[in-house]
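The structure appears below as structure tokens.
Number of protein chains: 2
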Amino acid sequence: MCPSIEETPANGAANGNGESYTAVETRVQPAPHHKSSPYQPVGDFLSNIGRFKIIESTLREGEQFANAYFDLEAKIKIAKALDEFGVDYIELTSPAASEQSRRDCEAICKLGLKAKILTHVRCNMEDAKIAVQTGVDGLDVVIGTSSYLREHSHGKDMTYIKNAALEASLPYTDKVIEYVKSQGKEIRFSSEDSFRSDLVDLLSLYSAVDKVGVNRVGIADTVGCASPRQVYDLVRTLRGVVSCDIETHFHNDSGCAIANAYCALEAGATHIDTSVLGIGERNGITPLGGLMARMIVADRDYVMGKYNIKKLKEIEELVAEMVEVNIPFNNYITGFCAFTHKAGIHAKAILNNPSTYEIISPADFGMSRYVHFASRLTGWNAIKSRADQLGYNMTDAQYKEVTAQIKIMADVKKITLDDTDAIISAYHHNLVNNENKPLLDGLSKEEQEKMKKAEEKLGGVKEKRQLDAEAAADAPATKKR
Amino acid sequence: MCPSIEETPANGAANGNGESYTAVETRVQPAPHHKSSPYQPVGDFLSNIGRFKIIESTLREGEQFANAYFDLEAKIKIAKALDEFGVDYIELTSPAASEQSRRDCEAICKLGLKAKILTHVRCNMEDAKIAVQTGVDGLDVVIGTSSYLREHSHGKDMTYIKNAALEASLPYTDKVIEYVKSQGKEIRFSSEDSFRSDLVDLLSLYSAVDKVGVNRVGIADTVGCASPRQVYDLVRTLRGVVSCDIETHFHNDSGCAIANAYCALEAGATHIDTSVLGIGERNGITPLGGLMARMIVADRDYVMGKYNIKKLKEIEELVAEMVEVNIPFNNYITGFCAFTHKAGIHAKAILNNPSTYEIISPADFGMSRYVHFASRLTGWNAIKSRADQLGYNMTDAQYKEVTAQIKIMADVKKITLDDTDAIISAYHHNLVNNENKPLLDGLSKEEQEKMKKAEEKLGGVKEKRQLDAEAAADAPATKKR
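If you're matching them up, the sequences are chains A and B in order.
Each residue of the first sequence is one higher than the one before, counting from 39 in the numbering used here.
Each residue of the second sequence is one higher than the one before, counting from 39 in the numbering used here.
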């Protein structure tokens with residue numbers, strides 16, 4: 039089988055080898071109704087927002103990150119963590135890269151993970167044979183940058199590409215594809231730098247390999263130049279040309295890696311490449327956590343039902359430690375400020391209903407919401423407002439004191455909104471019942487000691503409370519409702 | 039003038055008060071031809087990719103970042119740095135927020151910066167008066183979350199909104215708008231949470247305030263839920279409804295803040311809100327640096343001609359220090375790995391022409407490209423390949439030695455690709471001429487000392503070189519070409 043341009047299958051035609059592909063179903067079934075969020079896109083025939091798959095490439099793209107040196111032990115830890123998270127595929131560095139890479143690949147295949155194991159190889163028979171023998175479930179074949187696309191596709195030698203390159207190279211490509219398939223392995227065929235390649239060349243190539251029977255074709259924004267609407271247009275066009283699945287790979291140099299993945303799914307792509315914290319060449323690719331942030335907003339049911347997203351923080355901390363980086367302050371979901379609200383600006387609204395200002399629920403990821411009470415713009419007014427919502431009526435002096443207590447506590451441990459509520463409640467209880475129960479339960483011994491010291495520093499708080507309470511006899515501490 | 043729904047101006051109609059707005063021109067002139075990059079979007083009548091303006095909100099949105107406590111001195115430093123960068127507008131926290139905010143606002147207005155100074159105020163006359171008196175160039179008026187959009191626009195009380203709220207509130211809005219205009223100030227009118235608001239309500243409101251004569255309307259993705267194609271659709275629709283400029287504000291909770299800004303410009307938005315490092319509520323908004331990364335890929339001439347992008351790193355470091363965060367490892371342009379390539383994987387291609395793998399030139403930002411030579415996957419083969427490209431022919435032992443020298447140097451200072459070339463060249467020169475000149479010029483005294491120590495640690499390198507050189511007499515060090 040040696041397809042030429044003339045033999046390009048018609049749009050939507052089944053490929054000729056009798057196999058059926060996921061993508062065929064993908065294109066026939068309308069997108070399921072999204073009920074979990076009112077911010078859904080309108081239902082769309084092409085969209086795979088509600089049934090995407092993740093090809094997790096921390097152990098391939100991530101290995102190309104400046105600081106990444108994973109030994110086998112590290113690779114196994116990462117692979118197991120990703121498997122528990124529930125990623126669909128784990129992609130590994132080519133076993134042809136080095137003897138160590140080959141051994142690592144074999145070892146990971148033997149772990150018996152639920153995730154399918156892929157490896158990323160050049161399109162030649164030697165690499166393909168080495169890869170097949172490692173026991174992987176599939177091969178992600180990439181057509182070398184220099185082989186024809188990059189060197190020839192910038193308008194220099196169109197005739198060469200169409201007539202010579204395609205016809206001369208494809209029989210060999212065919213061989214690789216047929217060999218891999220004959221061994222019962224999945225095969226993906228991808229170009230590099232797809233968004234700077236000639237569109238006609240790209241479509242011709244993909245159409246030809248689709249006809250030969252690859253499971254997936256891959257679109258790669260190798261340099262990170264693509265914009266969301268470009269991605270939508272290219273994937274949508276490709277969706278009409280091939281019957282197989284479509285995998286996409288986006289670098290983040292110009293800040294669109296998450297958005298591009300989303301638009302690719304809207305246009306009918308089926309698989310998204312990710313890495314933990316986005317690590318990869320330069321500033322990396324679509325991050326696993328960032329993709330989860332995007333997709334949970336679009337289809338919470340699918341994301342919650344399929345992925346164990348409470349593991350996200352643990353996986354990110356594991357990888358961050360291995361590659362010796364800090365988790366960025368503004369990281370999606372797990373960054374220190376992702377769910378931190380600064381009371382004072384919208385204090386009342388935030389305290390009233392923080393979720394009004396959140397599109398993602400921290401609890402879904404096993405995280406907590408923080409309201410930042412240390413702001414000089416806020417102080418005790420925010421606490422007064424919160425106490426009022428909770429139905430406690432105290433004097434201004436008492437609000438100021440409980441605020442001081444909350445600030446002390448915030449120095450001892452990171453306090454959540456629930457902690458704040460508990461402190462206000464316990465403080466009020468002590469006032470009404472003239473008791474002295476701890477303001478917050480469950481403090482460790484260390485935290486209790488810190489607390490004591492901080493209280494001593496503050497000094498005389500209790501005496502002052504007594505005086506204030508007496509002075510404010512006309513505004514007693516009561517529970518309003 | 040009290041517009042009601044019936045008086046909504048027809049699409050594209052000039053507003054009734056005889057003023058002309060930038061946006062009118064925006065919509066009439068076709069986008070200029072982009073010549074600097076082959077990766078441009080196709081020319082588009084609506085697109086403002088090649089003429090956007092920046093409203094820099096580090097001193098407003100950024101003040102709402104968890105760690106931000108800017109005193110006047112800090113605010114002045116930031117404002118001056120942003121002005122040198124060349125942002126079009128600097129937005130400040132409302133002078134109605136506190137007496138200090140008001141004084142800071144006045145002080146910054148008196149600096150005589152080239153950038154126009156805006157302040158962000160609620161839509162009421164008291165706030166407007168305070169703001170006008172500070173001497174700002176314009177007011178960014180935001181319609182309170184609770185006033186009608188949020189509380190009422192979720193389908194609960196459509197009649198109220200259309201008949202009561204619009205008619206009852208707009209005369210008051212009119213008054214604010216007319217007052218601000220009568221004082222010779224610019225005025226923007228924005229909703230909050232625009233992407234979760236009823237489209238008809240939004241368009242009605244914007245159409246009405248456009249007719250009253252605001253300079254800009256604002257679209258805000260307050261919770262960070264919008265996707266790029268939603269943004270494109272909303273802005274494009276709005277572009278047909280109002281004649282004034284369109285400002286956009288995107289939070290980054292689901293990773294689309296840069297992409298959304300780009301799609302907004304494609305759809306005819308004129309102004310983008312940014313902050314340094316994206317700091318703001320939760321994980322922030324479109325970052326200034328990230329927007330530059332995106333826009334320089336799309337229209338390098340415009341970005342280079344208008345903004346002093348070599349100042350980016352300095353501004354980011356200034357703000358990062360003030361708010362006590364580390365610049366994320368994967369930050370756009372200035373992150374440590376943004377221009378770092380890991381030799382070994384694509385070693386040859388990268389060494390041959392690093393820009394093949396870069397869509398952004400580090401030199402444009404006054405940055406350098408780094409090739410990471412410490413990878414266990416690479417080592418001396420990468421150096422051999424590079425030396426070969428430079429035309430030097432040495433023995434394997436010599437390649438290994440110069441690689442060791444480069445690694446030593448890399449411990450002493452961060453070495454660029456140019457440094458690597460210089461070291462290889464000097465090493466070869468010493469071999470051929472039997473000299474001992476320094477491998478890299480311009481080292482500080484401190485670096486020279488470190489270098490000495492590191493060399494001593496390595497031990498016996500020079501003796502070994504002598505032996506190797508003798509042994510390898512059959513493969514002499516020569517310049518091939």
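Yeah, the Cβ is synthetic: ideal placement off N, Cα and C, and Gly gets one too.
The structure displayed is predicted, hence computed values, not measured ones.
- Using a CB distance below 8 Å, the part of the region 363-379 of chain B facing chain A consists of Val-363, Asn-364, Pro-366, Phe-367, Asn-368, Asn-369, Tyr-370, Gly-373, Phe-374, Cys-375, Ala-376, Phe-377, Thr-378 and His-379, ordered along the chain.
- From the listed residues Thr-308/A, Asp-271/A and Met-333/A, the smallest Cα separation to Gly-293/B is found for Met-333/A.
- Taken in chain order, no unbroken stretch of beta strand (DSSP E) lies wholly in the region 439-477 of chain B with a span of 3 residues or more.
- Residue pairing by DSSP puts Glu-285/A in a beta bridge opposite Gly-256/A and His-309/A.
- Here Ala-264/B really is in contact with Asn-298/B; their C-beta atoms are around 6 Å apart, less than 8 Å.
- About 5 Å separates the CB atoms of Asn-368/A and Gly-322/B; that is less than 8 Å, so the two are in contact.
- Residue pairing by DSSP leaves Phe-90/A without any beta bridge partner.
- Distance from the Cα of Thr-372/B is smallest, within the candidate group Ile-397/B, Ser-406/B, Gln-443/B and His-467/B, for Ser-406/B.
- Per DSSP, the unbroken beta strand (DSSP E) holding Lys-380/A starts and ends at 378-380.
- Looking only at Thr-131/B, Ile-347/B and Thr-324/B, the smallest Cα-Cα distance to Cys-301/B is reached by Thr-324/B.
- Boundaries of the beta strand (DSSP E) around Leu-130/A: 127-130.
- Around the Cβ of Pro-133/B, a 10 Å sphere holds 16 or more other Cβ atoms; the residue is buried.
- Contacts with chain B (Cβ-Cβ distance below 8 Å) from the region 226-251 of chain A involve Phe-233 and Arg-234, listed in chain order.
- Taken through DSSP and simplified to helix, strand or coil, Glu-304/A comes out as helix.
- The Cβ of Ser-265/A sits closer than 8 Å to at least one Cβ of chain B.
- Shown here, Ser-229/B sits in coil according to DSSP, grouped into three states, outside any helix or strand.
- Only residues of its own chain outside the window of five on either side were considered, and among them none has a CB closer than 6 Å to the CB of Gln-171/B.
- Phe-103/A has a beta carbon lying within less than 8 Å of a beta carbon in chain B.
- At a cut-off of 8 Å between beta carbons, Tyr-340/A makes no contact with chain B.
- Proximity of Tyr-395/A to chain B, defined by a Cβ-Cβ separation below 8 Å, is satisfied.
- Taking the Cα of Arg-254/B as reference, the smallest distance to any Cα among Thr-260/B, Arg-277/B, Lys-113/B and Glu-101/B is reached at Arg-277/B.
- In the structure shown, Tyr-244/A adopts helical secondary structure according to DSSP, grouped into three states.
- Against chain A, the beta carbon of Tyr-300/B has neighbours under 8 Å at Ser-265, Pro-266 and Cys-294, listed in chain order.
- In terms of beta-carbon proximity, Val-335/A lines the interface with chain B, with at least one pair separated by less than 8 Å.
- DSSP assignment within the region 335-359 of chain A yields the following whole alpha helix (DSSP H) runs of 4 residues or more, N-terminal first: 338-344.
- Leu-177/B carries a strand assignment under DSSP once its states are collapsed to helix, strand and coil.
- With respect to chain A, the C-beta atom of Tyr-345/B has no partner C-beta closer than 8 Å.
- When C-alpha distances from Val-238/B are compared across Glu-439/B, Leu-272/B and Val-250/B, the shortest belongs to Leu-272/B.
- Under the three-state reduction of DSSP output, Arg-160/B falls in the strand class.
- DSSP lists no beta-bridge partner residue for Asn-105/A.
- DSSP places Tyr-370/B outside both helix and strand once states are collapsed to three, so it counts as coil.
- Counting only the Cα atoms, Ala-104/A lies some 37 Å from Ser-85/B.
- Assigned with DSSP and collapsed to three states, Ile-421/B falls in helix.
- By the rule that beta-carbons nearer than 8 Å mark a contact, Ala-331/B touches chain A.
- Counted as a single uninterrupted DSSP element, the alpha helix (DSSP H) harbouring Cys-147/B occupies residues 137-147.
- By the Cβ rule, the region 462-471 of chain A counts as touching the region 432-446 of chain A, because three or more pairs are nearer than 8 Å.
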